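Under UniProt numbering, the letters of the sequence shown match residues 16 to 349, in that order.
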Amino acid sequence: FRDYIDGRSPNETDLEIRVGNKIKLEAPKGSGALLVKNLYLSCDPYMRGRMRNFHGSYIPPFVPGSVIEGFGVSKVLDSDNPNFRRGDLVSGFTGWEEYSLINRTEQMRKIEQNDIPLSYYVGLLGMPGFTAYAGFYEVCAPKKGDYVFVSAASGAVGQLVGQLAKLHGCYVVGSSGTSHKVDLLKNKLGFDEAFNYKEEQDLDAALKRYFPEGIDIYFDNVGGAMLDAALLNMKIHGRIAVCGMISENNITSPVGIRNVFSLITKRIRMQGFLQSDYLHLFPCFLEDVIGFYKQGKIIFLEDMNEGLESGPAAFAGLFSGRNVGKQVIRVASN
Ligand code: NDP
Numbered sequence: 016f017r018d019y020i021d022g023r024s025p026n027e028t029d030l031e032i033r034v035g036n037k038i039k040l041e042a043p044k045g046s047g048a049l050l051v052k053n054l055y056l057s058c059d060p061y062m063r064g065r066m067r068n069f070h071g072s073y074i075p076p077f078v079p080g081s082v083i084e085g086f087g088v089s090k091v092l093d094s095d096n097p098n099f100r101r102g103d104l105v106s107g108f109t110g111w112e113e114y115s116l117i118n119r120t121e122q123m124r125k126i127e128q129n130d131i132p133l134s135y136y137v138g139l140l141g142m143p144g145f146t147a148y149a150g151f152y153e154v155c156a157p158k159k160g161d162y163v164f165v166s167a168a169s170g171a172v173g174q175l176v177g178q179l180a181k182l183h184g185c186y187v188v189g190s191s192g193t194s195h196k197v198d199l200l201k202n203k204l205g206f207d208e209a210f211n212y213k214e215e216q217d218l219d220a221a222l223k224r225y226f227p228e229g230i231d232i233y234f235d236n237v238g239g240a241m242l243d244a245a246l247l248n249m250k251i252h253g254r255i256a257v258c259g260m261i262s263e264n265n266i267t268s269p270v271g272i273r274n275v276f277s278l279i280t281k282r283i284r285m286q287g288f289l290q291s292d293y294l295h296l297f298p299c300f301l302e303d304v305i306g307f308y309k310q311g312k313i314i315f316l317e318d319m320n321e322g323l324e325s326g327p328a329a330f331a332g333l334f335s336g337r338n339v340g341k342q343v344i345r346v347a348s349n
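The structure is reproduced here in structure tokens:
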């Protein structure tokens, strides 16, 4: 990571690949640390927020010149921690590097299931999947028959929200930024309808077309103009889960939301949330979602980039919509 950026999307030159020093592949005695080989790294939009020197955030900014930190799946090569053994597969915060020394092991989770693709532990069974699960069940208060709208619907979070909503008996419409993604939403992920927001002149009219009777639940991954249009189209007592604002991540003066008055006239409950507030639900999440996956009730789309050197472009691609599904970097196979 080179330096802080503001007012524009990250690009791949904001990160640089460095050949590191040779390190001993061992966890120092008495450190409680793990020495891991990184197998899969996760590209997540929140990481962009850490490239801004903003200290009011829920997570500290990256330090320029340092190794990027993010979620990953790794294999333990050496452990000075009684809870982990050499050979264990783990998921949690690691570095964007081939080998990492992990000192903060409290949030490291051992991967117990070996019949599920390992990379899913940064996607379907990792932070994004959990965001979908906690956001949908805890924040949206869904009911069978609800009309649900999901933005950035083919992404890591959105694709699971839509599928959980379908399993719950809801009618689900997603928005995405290419016709290919729209096709995947309708023909692979089981959404009832989908549209390409980039082709719509008038988002309000588009939502009226797909929800003539209004929206019960809007799962908002993008903020900005889409949120404004959704506010106009909510039903009375509708719920908006404010998960992310990716359309506003890279601009210095956000689009003003003009339709906030709808919160009053329609008695809408609009709630921002962080998945990390719901971690007590993580075991239920794993049980439920692994169950759905094994029963063939849900699928998960990944966009796999090969090699650590593909990381900068993969990360930057999140902000242009280049990724189709969860963006992952494969660093090593095992
Ligand atoms: P995605 O896999 O959906 O990737 C990001 C996608 O966002 C892109 O593929 C693109 O899809 C869309 N996008 C990019 N720029 C814009 C824009 N200007 N306007 C509209 N859409 C845009 O990411 P995730 O599923 O991992 O994350 C989705 C959202 O959820 C993000 O806002 C993220 O910050 C948030 N989040 C929040 C969490 C929480 O705890 N609250 C936890 C995890 C994620 P397209 O081609 O469709 O435009």
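Just so it is clear, CB atoms sit at the ideal spot from N, CA and C, and this is done for glycine as well. All values reported here derive from a predicted model rather than from experimental measurement.
query: Which whole-angstrom value describes the C-beta separation of Phe210 and Val165, a residue pair presumed to lie in contact below a C-beta threshold of 8 Å?
result: Contact between Phe210 and Val165 does not hold, since their C-beta atoms are separated by about 12 Å, which reaches or exceeds 8 Å.
- prompt: Is there contact between the stretch 251-265 and the stretch 118-126, where contact requires at least three CB pairs shorter than 8 Å?
  reply: At 8 Å Cβ cutoff, the stretches do not touch.
field: Closest Cα partner of Thr280 within the set Asn248, Lys213, Val34 and Ala240
entry: Measuring from the Cα of Thr280, the nearest candidate turns out to be Asn248.
- prompt: Relative to the C-alpha of Glu302, which residue among Phe226, Tyr19, Phe145 and Val257 is closest?
  reply: Selection Phe226, Tyr19, Phe145 and Val257 evaluated against Glu302 yields Phe145 as nearest (Cα-Cα).
task: For Met142, verify whether its CB is less than 7 Å away from any heavy atom of ligand 1.
output: Because some heavy atom of ligand 1 lies under 7 Å away, the Cβ of Met142 counts as near it: yes.
field: Beta-carbon contacts of Glu317 that lie in its chain and below 7 Å, excluding the five residues immediately before and after
entry: Same-chain partners within the cutoff: Ser134, Gly138, Gly340, Lys341 and Val343.
message: For Phe315, report the span of its alpha helix (DSSP H) as first-last.
response: From DSSP, Phe315 is part of no alpha helix (DSSP H); its letter is neither H nor E.
message: Given the structure, does Cys258 come close to ligand 1, in the sense that its CB is under 7 Å from one of the ligand's heavy atoms?
response: Because some heavy atom of ligand 1 lies under 7 Å away, the Cβ of Cys258 counts as near it: yes.
message: If you measure between the beta carbons of Thr109 and Val51, is that distance less than 8 Å?
response: For Thr109 and Val51, yes; Cβs fall inside 8 Å.
Nearest residue (CA-CA) to Phe16, options Gly85, Ser72, Gly239 and His252: Minimum Cα distance to Phe16 is reached at Gly85.
message: On a Cα-Cα basis, can you pick out the residue from His183, Ala244 and Val91 that is closest to Tyr212?
response: From the listed residues His183, Ala244 and Val91, the smallest Cα separation to Tyr212 is found for Ala244.
message: Let's test the definition: count the other Cβ atoms within 10 Å of the Cβ of Ala256 and tell me whether it reaches 16, buried, or not, exposed.
response: Counting of Cβ neighbours within 10 angstroms places Ala256 among the buried residues, the total reaching 16 or more.
Beta-ladder partner(s) of Ala209, from DSSP: Gly189, per the DSSP bridge assignment.
message: Would Ala221 and Val270 qualify as a contact pair, given that the criterion is a beta-carbon distance under 8 Å?
response: Taking C-beta atoms as the reference points, Ala221 and Val270 fail to come closer than 8 Å.
- prompt: Quick one, are the C-beta atoms of Glu112 and Asn53 less than 8 Å apart?
  reply: For Glu112 and Asn53, yes; Cβs fall inside 8 Å.
message: Could you check whether the Cβ of Phe288 sits closer than 7 Å to any heavy atom belonging to ligand 1?
response: Checking the Cβ of Phe288 against ligand 1 gives yes.
- prompt: When the Cα atoms are used, what is the spatial distance from Leu200 to His295?
  reply: Straight-line Cα distance between these residues: approximately 30 Å.
- prompt: At which residue ranges does the stretch 89-168 contain complete alpha helix (DSSP H) runs of 4 or more residues, listed in the order of the chain?
  reply: Qualifying alpha helix (DSSP H) stretches, in chain order: 142-149.
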